[in-house]
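Enquirer: Chains as they are written, first to last, in this note's numbering: chain A, 31 to 485; chain B, 31 to 485. The beta carbon of each residue, even a glycine, is placed where N, CA and C say it ideally should be. I'd like to ask you about the structure that follows.
Number of protein chains: 2
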Amino acid sequence: MAELLVSLRRDDGAPLHAQLEQELRAAVRSRRLKPGAAMPSTRALAAQLGVSRGVVVEAYEQLAAEGYLAPRAGGVTRVAPQAVASAAQATRAMEPPRPRIDFRPGRPDVSEFPRAAWLRSLRRALNEAPAERFSYWDGSGLPELREALAAYLNRVRGACADAERMVISNGFSQGLALVCAALRSSGARRVAVEDPAHQGSVATIRSAGLSPVGVPVDDDGLRVELLRETRVDAVLVTPAHQYPTGAVLPPHRRAGLVEWARRRGALIIEDDYDAEYRYDREPIGAIHGLAPDRVVYAGSASKTLAPGLRLGWLVVPGHLARAVADAKSAADGGSPALEQLAFADFVVRGELDRHLRRMRPIYRRRRDALLAALGAYLPHLRPTGSAAGLHVLAWLPPGIDEASLLRLAAERSVGIYGLAPHRLAPSDAGGLIFGYGTLSEGAITEGVRLLGSGA
Amino acid sequence: MAELLVSLRRDDGAPLHAQLEQELRAAVRSRRLKPGAAMPSTRALAAQLGVSRGVVVEAYEQLAAEGYLAPRAGGVTRVAPQAVASAAQATRAMEPPRPRIDFRPGRPDVSEFPRAAWLRSLRRALNEAPAERFSYWDGSGLPELREALAAYLNRVRGACADAERMVISNGFSQGLALVCAALRSSGARRVAVEDPAHQGSVATIRSAGLSPVGVPVDDDGLRVELLRETRVDAVLVTPAHQYPTGAVLPPHRRAGLVEWARRRGALIIEDDYDAEYRYDREPIGAIHGLAPDRVVYAGSASKTLAPGLRLGWLVVPGHLARAVADAKSAADGGSPALEQLAFADFVVRGELDRHLRRMRPIYRRRRDALLAALGAYLPHLRPTGSAAGLHVLAWLPPGIDEASLLRLAAERSVGIYGLAPHRLAPSDAGGLIFGYGTLSEGAITEGVRLLGSGA
Numbered sequence: 031m032a033e034l035l036v037s038l039r040r041d042d043g044a045p046l047h048a049q050l051e052q053e054l055r056a057a058v059r060s061r062r063l064k065p066g067a068a069m070p071s072t073r074a075l076a077a078q079l080g081v082s083r084g085v086v087v088e089a090y091e092q093l094a095a096e097g098y099l100a101p102r103a104g105g106v107t108r109v110a111p112q113a114v115a116s117a118a119q120a121t122r123a124m125e126p127p128r129p130r131i132d133f134r135p136g137r138p139d140v141s142e143f144p145r146a147a148w149l150r151s152l153r154r155a156l157n158e159a160p161a162e163r164f165s166y167w168d169g170s171g172l173p174e175l176r177e178a179l180a181a182y183l184n185r186v187r188g189a190c191a192d193a194e195r196m197v198i199s200n201g202f203s204q205g206l207a208l209v210c211a212a213l214r215s216s217g218a219r220r221v222a223v224e225d226p227a228h229q230g231s232v233a234t235i236r237s238a239g240l241s242p243v244g245v246p247v248d249d250d251g252l253r254v255e256l257l258r259e260t261r262v263d264a265v266l267v268t269p270a271h272q273y274p275t276g277a278v279l280p281p282h283r284r285a286g287l288v289e290w291a292r293r294r295g296a297l298i299i300e301d302d303y304d305a306e307y308r309y310d311r312e313p314i315g316a317i318h319g320l321a322p323d324r325v326v327y328a329g330s331a332s333k334t335l336a337p338g339l340r341l342g343w344l345v346v347p348g349h350l351a352r353a354v355a356d357a358k359s360a361a362d363g364g365s366p367a368l369e370q371l372a373f374a375d376f377v378v379r380g381e382l383d384r385h386l387r388r389m390r391p392i393y394r395r396r397r398d399a400l401l402a403a404l405g406a407y408l409p410h411l412r413p414t415g416s417a418a419g420l421h422v423l424a425w426l427p428p429g430i431d432e433a434s435l436l437r438l439a440a441e442r443s444v445g446i447y448g449l450a451p452h453r454l455a456p457s458d459a460g461g462l463i464f465g466y467g468t469l470s471e472g473a474i475t476e477g478v479r480l481l482g483s484g485a
Numbered sequence: 031m032a033e034l035l036v037s038l039r040r041d042d043g044a045p046l047h048a049q050l051e052q053e054l055r056a057a058v059r060s061r062r063l064k065p066g067a068a069m070p071s072t073r074a075l076a077a078q079l080g081v082s083r084g085v086v087v088e089a090y091e092q093l094a095a096e097g098y099l100a101p102r103a104g105g106v107t108r109v110a111p112q113a114v115a116s117a118a119q120a121t122r123a124m125e126p127p128r129p130r131i132d133f134r135p136g137r138p139d140v141s142e143f144p145r146a147a148w149l150r151s152l153r154r155a156l157n158e159a160p161a162e163r164f165s166y167w168d169g170s171g172l173p174e175l176r177e178a179l180a181a182y183l184n185r186v187r188g189a190c191a192d193a194e195r196m197v198i199s200n201g202f203s204q205g206l207a208l209v210c211a212a213l214r215s216s217g218a219r220r221v222a223v224e225d226p227a228h229q230g231s232v233a234t235i236r237s238a239g240l241s242p243v244g245v246p247v248d249d250d251g252l253r254v255e256l257l258r259e260t261r262v263d264a265v266l267v268t269p270a271h272q273y274p275t276g277a278v279l280p281p282h283r284r285a286g287l288v289e290w291a292r293r294r295g296a297l298i299i300e301d302d303y304d305a306e307y308r309y310d311r312e313p314i315g316a317i318h319g320l321a322p323d324r325v326v327y328a329g330s331a332s333k334t335l336a337p338g339l340r341l342g343w344l345v346v347p348g349h350l351a352r353a354v355a356d357a358k359s360a361a362d363g364g365s366p367a368l369e370q371l372a373f374a375d376f377v378v379r380g381e382l383d384r385h386l387r388r389m390r391p392i393y394r395r396r397r398d399a400l401l402a403a404l405g406a407y408l409p410h411l412r413p414t415g416s417a418a419g420l421h422v423l424a425w426l427p428p429g430i431d432e433a434s435l436l437r438l439a440a441e442r443s444v445g446i447y448g449l450a451p452h453r454l455a456p457s458d459a460g461g462l463i464f465g466y467g468t469l470s471e472g473a474i475t476e477g478v479r480l481l482g483s484g485a
């Protein structure tokens, strides 16, 4: 039964059923009661208003006669459906058409989300959680999840995490914003970023009042030796799979990065992007394990499970851990409890490992289909960064214009994405980003064929 | 089966089992592998490393002999438990003791959280959601929940909501932060707040770079006639149940508030605090219904269901709706999808109405117990605002010092909360805030008795 906000004035003079009709009529007209909405039963509404049921029956009959309500024999009375299109429908009709084959990067295949296993974890979380977990909680997140993730990251990613220094966030970008807020409060001003880099991360740094400083990337990732000239307080890096070039930072640059951070007293923010998807070699451990006192480790479930979960995490050096947790408290009072508990269960039971083992060969086949199609239909492009992750960057040969290729793709309803928006400093070297996470092998081949047939 | 980050060097000279032992030993020592953590099966680890199973068996046996691992016959091998207390335990031991009877306000009784009904909604959401709901989503939130809440608010709270102008947030305080961010971007500088007000809300306004301006509250809530002198861009009000005085804003002040906002072109931010819990009279509709073009309506599930859900919502006037949704996108990429879908199902099926109908008499009995105990043991206090909500403010008679009463309460392990921290301008009138949401009637009576016996 639903409750309805209606007030009747017993001293009004007008009969109660007439007052009720007037109120309900106005509610339908103003769309406070929406077309199709279920009305309370006459018995329930009478009880709520403290009037006899006859008053409500009479009002409902009158409004049905006027076309406001649609009673059904023996069933629920509803507000009559109307023919007018809602504002929502009008808005949606104006959105641009989505490309038929969309190589948009950074998207995992959410149709493979392990719904049954996730429901089992949710059920256990709901059955077993102490009641206090549903109350307000510290900004760092629930201990169950912090402990589960610390053990997982140490085991799988070679991190050196401790539950006490973890902070749970709503995905990676909030985590980065929290770290930037804490850095800004401690007096930091400049943060080095890879050039090219993820646009969203650069925007997050800027929103926090910090200045991003681009440092060039080559085929081995961030050119660490150039950091010395930047006089920055921190650096954001994607060592596992540089976004968007896909480079993997080699051991000597990792060592150089840590050495630079120690000398300068600077912070390394390690975005462990795509680390879970590695196809041709053994995975490389996180930099965090080398220098947990100088590195913020940042990860999320957005690529491994689903972006819709909005689950991210940070491992923060001791001197910053409290400030980052407080920033999370101030931002939104902490992440939702039940989802944290379910994810803790999911990790502890090995369901995340299992899901990743199932997904890796699926994505590897898509990667292989993409490389084969690029070789066949766009042989003048140079693909890089295909050893890991969910996207490949294909460099354009000199003289081929990125923007005109993107226009051509759009005409053929193929969504590809250029390198230019990710650059901080302008460059002549053009490239196309192919995300293959959400596409079947057939669609990948077809999309590249459509591009190649006129390029 | 779990995965483990271990790398073996086949050209190293040292036997593979010895290399593996060394790696695992280091991992246990450095706590990368935590006490009690499950090890992969020998078969699985051998497959992962590409070595014969005998290598792993030999390494495990050696480490078990050294006390690093604890094998169980026919079961899982685990890292041996250790006797050292973790940093976590040390930290927790240092927290101050919690009062035995805690009248902390703003807490609903989470032990009554409807776990079975929530699980049903989660299950339906997981079974029925289109896969795309698990991907990235617009900052305004999922349409299912925006539509369910708009219909609910219009029906129950007399709001004039439209799904297109709703934004889902992580609880009320994030919602307020988003509105403040949009206001600040549009050039706003000053926001009027009730004095006294919720400290957290004042802090949120300040964090957004806006100046809070206190406007006094009397027994009828915000003194609306004083707004004219403030030259503010917006006002934050709690008309349903002023926090902390519990006043309900009467009709003539509501009308005056709307008139002021229209003349000044200012925004009313309506925190519909405690509107769902009303014990003695019919509920009063939201101000939003009077002027949806000038009012941001803000609500949350923190008091009606549980703070741990971190579910809040805004209805935003058309001219601000896009800016607020974009602020949410920038803050954290949107709220978790599954929780939104579950809550939509919960609202549409009338489960929220049902839960509130079940809780109202429980809270009313606690309220009655509190008023009776105050009358019996602290008769010189003047309780106000008890018609609604989950707390009562008891004014102190002149000459009684708030701070010394709080100290006395702490000595008796009773948690009560003073009015002073909620004030923007200093005042001699002291008061005690008694939250009764989480306490049994017996505990309420006992807590007040303990206070009264020495006051």
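1) Would G342 of chain A and S330 of chain A qualify as a contact pair, given that the criterion is a beta-carbon distance under 7 Å?
2) Consider the Cβ of G477 of chain B: report whether some Cβ of chain A lies at a distance smaller than 7 Å.
3) Secondary structure at F143 of chain B, three-state DSSP: helix, strand or coil?
4) Compute the beta-carbon to beta-carbon distance between L279 of chain A and L252 of chain A, rounded to the nearest angstrom, for a pair I have assumed lies under 8 Å.
5) Excluding five sequence neighbours on each side, which residues of the same chain lie with their C-beta closer than 7 Å to the C-beta of L79 of chain B?
6) Can you say whether Q49 of chain A is buried or exposed, counting buried as having 16 or more other CB atoms within 10 angstroms of its CB?
7) Mind checking G467 of chain B: buried by the 16 CB within 10 Å criterion, or exposed?
8) Looking at the secondary structure, which residues open and close the alpha helix (DSSP H) in which T234 of chain A lies?
9) When you check each C-beta in the segment 344-378 of chain A against every C-beta of chain B, which residues fall closer than 8 Å?
10) Name the DSSP beta bridge partners of W343 of chain A, please?
11) Residues of the segment 149-170 of chain A in Cβ contact with chain B at a cutoff of 8 Å, in chain order, please.
12) Nearest CA to the CA of D383 of chain A: which residue from A:F164, A:R185, A:L63 and A:R311?
13) Helix, strand or coil: which one does DSSP assign to A374 of chain B?
14) So who's on the other strand from A222 of chain A, going by DSSP bridges?
15) Considering I27 of chain A, what are the terminal residues of the alpha helix (DSSP H) in which it resides?
16) Excluding the 5 residues preceding and the 5 following W425 of chain A in the sequence, name in chain order all residues of the same chain whose CB lies nearer than 6 Å to its CB.
17) Using Cβ-Cβ distances below 9 Å, what residues of the segment 298-315 of chain B are close to chain A?
18) Flag this pair as yes or no: are the beta carbons of Y24 of chain B and V345 of chain B separated by less than 7 Å?
19) Going by alpha carbons, who is nearest to N157 of chain B out of A:A161, A:L149, A:E158 and A:A155?
20) Is it a yes or a no for the segment 191-209 of chain B touching the segment 227-238 of chain B, going by three-plus beta-carbon pairs under 8 Å?
21) Could you please give the first and the last residue of the uninterrupted beta strand (DSSP E) stretch that includes V422 of chain B?
22) Alpha carbon to alpha carbon, what distance is there between A399 of chain B and A417 of chain B?
23) Counting contacts by CB-CB distance shorter than 7 Å, is G338 of chain B in contact with chain A?
24) Report the three-state DSSP secondary structure of L213 of chain B (helix, strand or coil).
25) Under 6 Å Cβ to Cβ from P490 of chain B, same chain only, skipping five residues before and after it: list those, please.
26) Bridge partners of L252 of chain A, per DSSP?
27) Does the beta carbon of A181 of chain A come closer than 7 Å to any beta carbon on chain B?
28) If you measure from the beta carbon of A67 of chain A to each beta carbon in chain B, is any gap under 7 Å?
29) Are A270 of chain A and D302 of chain A closer than 7 Å when you measure CB to CB?
30) Tell whether a beta-carbon distance below 7 Å holds between Y182 of chain B and V377 of chain B.
31) Touch check for the segment 387-407 of chain B and the segment 276-296 of chain B: three-plus C-beta pairs under 8 Å?
32) Taking buried to mean at least 16 other C-beta atoms within 10 Å of its own C-beta, is A56 of chain A buried or exposed?
33) How long is the line joining the alpha carbons of Q229 of chain B and P274 of chain B, rounded to whole angstroms?
34) Might you give, ordered along the chain, the residues of its own chain that have their beta carbon closer than 7 Å to the beta carbon of I474 of chain B, omitting 5 neighbours on each side?
35) Which residues, in order along the segment 52-79 of chain A, keep a beta-carbon less than 8 Å from a beta-carbon of chain B?
36) Quick one: measure Cβ to Cβ for I446 of chain B and A455 of chain B, integer angstroms, because I've assumed they're closer than 8 Å.
Expert: With the given structure in hand:
1) yes
2) no
3) coil
4) 6 Å
5) V36 and L38
6) buried
7) buried
8) Q229 to S237
9) From the segment 344-378 of chain A, only A360, A361, D362, G363, G364, S365, P366, A367, L368 and E369 have a Cβ closer than 8 Å to chain B.
10) A:I198 and A:G329
11) Listed by position, the residues of the segment 149-170 of chain A near chain B (Cβ gap below 8 Å) are L149, L152, R153, L156, N157, A161, E162, R163, F164, S165, Y166 and W167.
12) A:R185
13) helix
14) Here A222 of chain A is bridged, per DSSP, to A:V243 and A:V265.
15) Chain A is shown only over 31 to 485; residue 27 of chain A falls outside these bounds and no answer can be derived.
16) The answer, listed in chain order, is R412 and G461.
17) E312, P313, I314 and G315
18) Any answer about residue 24 of chain B is impossible in this case: the structure gives chain B only from 31 up to 485.
19) If we check each option's Cα against that of N157 of chain B, A:L149 comes out closest.
20) In this structure the segment 191-209 of chain B lies against the segment 227-238 of chain B, because at least three pairs of beta carbons, one per stretch, are closer than 8 Å.
21) Unbroken beta strand (DSSP E) run through V422 of chain B: H421 to W425.
22) 14 Å
23) Interface with chain A (7 Å Cβ-Cβ cutoff): G338 of chain B is included.
24) helix
25) What is shown of chain B runs 31 to 485, which leaves residue 490 of chain B out entirely.
26) L252 of chain A has A:V247 as its beta-bridge partners, per DSSP.
27) A Cβ of chain B is located within less than 7 Å of the beta carbon of A181 of chain A.
28) yes
29) Yes, they are a contact pair.
30) yes
31) Result no; under three Cβ-Cβ pairs closer than 8 Å.
32) exposed
33) 10 Å
34) R396, A399, L400, A403 and Y466
35) A57, S60, R61, R62, L63, K64 and A67
36) Contact flag wrong, Cβ pair sits at about 23 Å.
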